[in-house]
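Engineer:
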Amino acid sequence: MAECFSRFKARLLTQPKRKITMSKFPIDLGAYQRISLDPSSNKLTAEQKSALQANIQLCRDAIVFFTATGAARGVGGHTGGPFDTVPEVMILDALFRGNDDKFVPVFFDEAGHRVATQYLMSTLNGDLPTEKLMHYREAHSHLPGHPELGFTPGVKFSSGRLGHMWPYVNGVAMANPSKTLFCLGSDGSQQEGNDAEAARLAVAQQLNVKLIIDDNDVTIAGHPSHYLGGCSTAKTLEGHGVKVLEGDGEDLDDLYHRIVTAINTQGPVAVINHRPMCPGIKGLEGSTHGHDVISVKLALEYLEANGQQAAVEHLKSIKAPKQDYTFLGSSDKWDANRNVFGDASVAILGRLSETERLDKVRVIDSDLEGSCGLKKIHDAYPEIFISSGIMERGNFSAAAGFGMEAGKQGIFGTFSAFLEMCISEITMARLNNSNVLCHFSHSGIDDMADNTCHFGLNNMFADNGLSDGYDTNLYFPADPNQMKACLETIFFNPGLRFVFSTRSKVPAILDSDGNDFFGGNYKFVSGKDEVIREGTQGYVVSFGESLYRALDAVERLKKEGIDVGLINKPTLNVIDEDMLAKVGKSPMVLVVESFNRKTGLGSRYGSWLLERGFTPKFAHIATHKEGCGGLWEQFPHQGIDPAGIMAKVKDLLKG
Ligand SMILES: Cc1ncc(C[n+]2csc(CCOP(=O)(O)OP(=O)(O)O)c2C)c(N)n1
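Counting with the working numbering, you get residues 565 to 1219 for the letters of the sequence shown.
1. Out of curiosity, what's the CA-to-CA distance linking A963 and L1060?
2. So, for P1206: in the same chain, excluding its five sequence neighbours on each side, which residues have a beta-carbon less than 6 Å away from its beta-carbon?
3. Is any non-hydrogen atom of ligand 1 found closer than 7 Å to the C-beta of E989, if you look at the structure I gave you?
4. Please work out which residues of its chain come closer than 7 Å, Cβ to Cβ, to F1081, disregarding the five sequence neighbours upstream and downstream, and give them in chain order.
5. May I ask you to verify whether the segment 669 to 679 touches the segment 744 to 752, counting CB pairs closer than 8 Å and requiring at least 3?
6. By the three-class DSSP mapping on this structure, what secondary structure does L1130 have?
7. Have a look at P788, N758, G735 and flag the residue whose alpha-carbon is nearest the alpha-carbon of V773.
8. Could you tell me which residues DSSP pairs with H1184 in its beta bridges?
9. Nearest to E877 by alpha carbon, out of A884, E868, P885?
10. Would you mind reading off the limits of the alpha helix (DSSP H) that contains G811?
11. Quickly, what does DSSP pair R598 with across the bridge? List them, please.
12. Considering just the uninterrupted stretch of the beta strand (DSSP E) at F837, what are its terminal residues?
13. Give me the DSSP bridge partner(s) of V670.
14. Pick out the complete alpha helix (DSSP H) segments inside the segment 1001 to 1072, 4 residues or longer, and give them in chain order.
15. Assign P1041 to one of two classes, buried (16 or more other C-beta atoms within 10 Å of its C-beta) or exposed (fewer than that).
16. Please state the DSSP three-state secondary structure of R1097.
17. Assuming F891 and V1063 make a contact with CB atoms under 8 Å, what is their CB distance in whole Å?
18. Can the beta-carbon of L1195 be found less than 8 Å from the beta-carbon of A703?
19. Have a look at D664, L656, E712, M698 and flag the residue whose alpha-carbon is nearest the alpha-carbon of V679.
20. For ligand 1, I want to know if F982 counts as a neighbour, meaning its beta carbon is within less than 7 Å of at least one of the ligand's heavy atoms.
21. Which runs of the beta strand (DSSP E), 3 residues or longer, sit entirely within the segment 928 to 957?
22. Look at the Cβ atom of T797, then the Cβ atom of D779, and state whether they are nearer than 8 Å.
23. Around the Cβ of V996, are there at least 16 other Cβ atoms within 10 angstroms (buried) or fewer (exposed)?
24. Taking 7 Å as the cut-off, is the C-beta of G752 nearer than that to any heavy atom in ligand 1?
25. Identify the continuous beta strand (DSSP E) that holds Y1103 and give its terminal residues.
26. Relative to the C-alpha of G1129, which candidate in L1111, A900, E652, L848 has its C-alpha closest?
27. Just the Cα atoms here: how many angstroms apart are E810 and Y820?
28. For R994, which option in V1138, D1011, E969 has the closest C-alpha, if you only look at C-alpha atoms?
29. Can you tell me whether R994 is helix, strand or coil according to DSSP?
30. So what does DSSP say about E761, is it helix, strand or coil?
31. Give, in chain order, every unbroken run of the alpha helix (DSSP H) that is at least 4 residues long and sits entirely within the segment 759 to 801.
32. What three-state label does DSSP hand Q887 in the structure shown?
33. With contact counted as at least three CB pairs below 8 Å, one residue from each stretch, are the segment 1021 to 1041 and the segment 856 to 872 in contact?
34. What is the DSSP secondary structure of G641, reduced to helix, strand or coil?
35. Could you tell me which of A595, N1137, N619 sits nearest to L1030, measuring between CA atoms?
36. Counting only beta-carbon atoms, is L726 nearer than 8 Å to chain D?
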């Protein structure tokens, strides 16, 4: 860590300090008061307090403004979390100043979605040009939805998966035994089991880690006090032996007093700050909507009320970019498969009697019901739905336990990125012959301004059992019609079933006559691949949201006289021997996917061909590098858009 910090210092020294230019950023960040605070004094003077209050107002205005540029561009983001924690960040910044020997001066944050804090502080520290803030979450701006070390000037750590930072900071504390460290936390991140482990280690080792927890009783899908009734962050931490200092996060004197008390107390201390989400923002205070990016409308009202007219004008001038490419071979009807999963499940469950549903099915959410389609089931059949916390491992296992008996089904859903967290639980569920239908939305990289830590790349890890094990099937339907058909076939099958979808919408795939490929009497057959287009010069093999892009490439190649075909492989992990032979005997095979190039379909498809003696020209293109932020821009960035696919096919045919 020491080396890591000296690398940063070196970078800061070698980079010319950029002067904060106020010409473009419409809020005068030059007004920020660089005060120092001495932790040996536990009371703020009137001057210190008024400087802090001014800084808090300035930074809250700035956060509302520049996160709202994300709303205006359609790239989303988060306003409430970073807005809430401004008072504690301002105090820490003043404590860090002039106390290098006492602190590791990093605003480690468990809740990586509060990345606006990091960008703002990088700007105030002179590492990031101020006007860059107005490109928050924009593609190629290097300001992605979560902090990425080495990617954004001034950002000093990577974060974004809740409950992953405190355990890490414990280690940083071990590496810096003479210093005090801070870890910004939240009532959401504290729900992860990892934090319970981190608490025990910090207490046992008396690590000098100070947790500064924003307990605003808001996460994405609801209020923890409602859906996790009986749980208290403070009591949980006390139970682990952590000293807890609870109070009102908006009471500056008390907040300061508790922070310095924590500093002056040896060992781990949690400073728990109660406040409503988005205090003082009309229309958002106390609301779960405050978790997301503020709407442009509310931001304009807030900024106007605070006299930030120039910011208002700038916000009004932003136009959202649009993708205007026309994809050949697919319809102009687009839909979000993550919601289609919910609709199709509701339709299927509607065929059961209420008693049967209650007896046979349980759906367990992990605070993402609105994002991954489970909300549809919640709304239709609340009696079988459990709103649970941000506890993917435990929730998956609960779903698996419910599905232990033949004929019963656990249903589980979250983002694909967090499938990586559940691998061990998946193994144990398999060894217990569990029946679980999992929906992992936000797979791959499409529309992922959240960027690299939220990419759903390692989904093939779900198929981690032995060949003689209980059934595990992985499905990635290519369009809404196929999603519905897939669920009709597999919904009540025994074993573990993983269904993937993307954050983005997908168009309906068409046949050569322009009809819905998966419409009419189409029936989904588990384990069967499908010829989308025939070809004589070889095949592109693809699935999910990459299929319509590959189809566009194939159609365009055909127009150029290159006759390649397209195969859809909706059951990702099961070999369709007939199709493999057909493809294997052709001159060329290119696997196209948004999964990790190291662990995706392409990483095994070549072995499957070779094992059977097939030796076509072979390549696989997939996600292979850190994301670029933004939305659809992620595909060309990884070279898996139609242009990238066409270029690779031509390359292969040449070689
Ligand atoms: C391991 C993990 N699970 C789920 C998510 C998705 N997620 C992002 S923020 C969030 C809710 C966070 O609530 P909290 O940390 O209290 O933040 P606040 O709403 O106060 O901003 C969830 C579920 C995630 N980032 N990481």
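C-beta: ideal position from N, C-alpha, C; glycine also.
Structural biologist: If we stick to the structure as given:
1. The count along the sequence shown starts at 1 and reaches residue 963 at position 399. The count along the sequence shown starts at 1 and reaches residue 1060 at position 496. Their Cα atoms are separated by approximately 11 Å.
2. Within the sequence shown, residue 1206 is the residue found at index 642, counting from 1. Counting only Cβ-Cβ distances below 6 Å, and skipping sequence neighbours, we find R1113, D1116, A1117.
3. One-based indexing of the sequence shown puts residue 989 at position 425. No, the beta carbon of E989 sits no closer than 7 Å to any heavy atom of ligand 1.
4. Within the sequence shown, the letter at position 517 stands for residue 1081. Cβ neighbours of F1081 within its own chain (closer than 7 Å, five residues either side excluded): I1073, L1074, D1075, I1096.
5. yes
6. Here the question's residue 1130 lines up with position 566 in the sequence shown. Reduced to three states, the DSSP call for L1130 is strand.
7. Along the sequence shown, one-based indexing puts residue 773 at 209. Selected option, being the one with the closest Cα: G735.
8. As a first step, residue 1184 is located in the sequence shown; it is residue number 620 there, counting from the start. Partner(s): V1155.
9. As a first step, residue 877 is located in the sequence shown; it is residue number 313 there, counting from the start. Ranking the options by Cα distance to E877, first place goes to E868.
10. Here residue 811 refers to the residue found at position 247 of the sequence shown. Taken as a continuous stretch (DSSP letters only), G811 belongs to no alpha helix (DSSP H), being part of the beta strand (DSSP E) at 807 to 812.
11. Residue numbering aside, residue 598 sits at position 34 when the sequence shown is read from its first letter. For R598, which the question treats as bridged, DSSP gives no partner whatsoever.
12. As a working note, residue 837 is residue 273 in the sequence shown. Per the sequence shown, residue 837 should be read as Asn rather than Phe. Secondary structure note for N837: its beta strand (DSSP E) is the uninterrupted segment 833 to 838.
13. Stepping through the sequence shown from its first residue, residue 670 is reached at position 106. As DSSP reads the structure, V670 sits in no beta bridge.
14. 1044 to 1054
15. The sequence position of residue 1041 within the sequence shown is 477, counting from 1. Classification for P1041: buried.
16. Taking the sequence shown and counting its residues from 1, one reaches residue 1097 at position 533. R1097 falls in the strand class under three-state DSSP.
17. Your numbering for residue 891 matches position 327 in the sequence shown. Your numbering for residue 1063 matches position 499 in the sequence shown. About 23 Å; that fails the 8 Å criterion.
18. As a position in the sequence shown, residue 1195 is number 631, starting the count at 1. As a position in the sequence shown, residue 703 is number 139, starting the count at 1. Yes. Within cutoff.
19. Working through the sequence shown from its first residue, we reach residue 679 at position 115. Cα-wise, what sits closest to V679 is E712.
20. The residue given as residue 982 occupies position 418 in the sequence shown. Checking the Cβ of F982 against ligand 1 gives yes.
21. 949 to 952
22. Position 233 of the sequence shown holds residue 797. Position 215 of the sequence shown holds residue 779. It is a contact, given that the beta carbons lie within the stated cut-off.
23. Taking the sequence shown and counting its residues from 1, one reaches residue 996 at position 432. The sequence given here has Asn at residue 996, not Val. With fewer than 16 other Cβ atoms within 10 Å, it is exposed.
24. Taking the first residue of the sequence shown as position 1, residue 752 is located at position 188. Flag set: Cβ of G752 near ligand 1.
25. Position 539 of the sequence shown, counted from the first residue, corresponds to residue 1103. Start and end: 1103 to 1106.
26. Sequence index remark: in the sequence shown, residue 1129 carries index 565 (1-based). Of the candidates L1111, A900, E652, L848, the one whose C-alpha sits nearest the C-alpha of G1129 is L1111.
27. The residue given as residue 810 occupies position 246 in the sequence shown. The residue given as residue 820 occupies position 256 in the sequence shown. One C-alpha to the other measures close to 12 Å.
28. Stepping through the sequence shown from its first residue, residue 994 is reached at position 430. Minimum Cα distance to R994 is reached at E969.
29. Mapped onto the sequence shown, residue 994 falls at position 430. R994: helix per DSSP, three-state reduction.
30. As a working mapping, residue 761 is identified with position 197 in the sequence shown. DSSP places E761 in the helix class (H, G or I) of the three-state scheme.
31. Here the runs fully enclosed are 788 to 791.
32. Position 323 of the sequence shown, counting from 1, holds the residue named residue 887. Looking at Q887 - three-state DSSP - the assignment turns out to be coil, as it is neither helix nor strand.
33. By the Cβ criterion, the segment 1021 to 1041 is not in contact with the segment 856 to 872, since fewer than three pairs of Cβ atoms, one from each stretch, lie closer than 8 Å.
34. Mapped onto the sequence shown, residue 641 falls at position 77. Under the three-state reduction of DSSP output, G641 falls in the coil class, being neither helix nor strand.
35. On the sequence shown, residue 1030 is found 466 positions in, with the first residue counted as 1. The option with the nearest alpha carbon to L1030 is N1137.
36. Note that chain D does not occur in the displayed structure, where there is just one protein chain.
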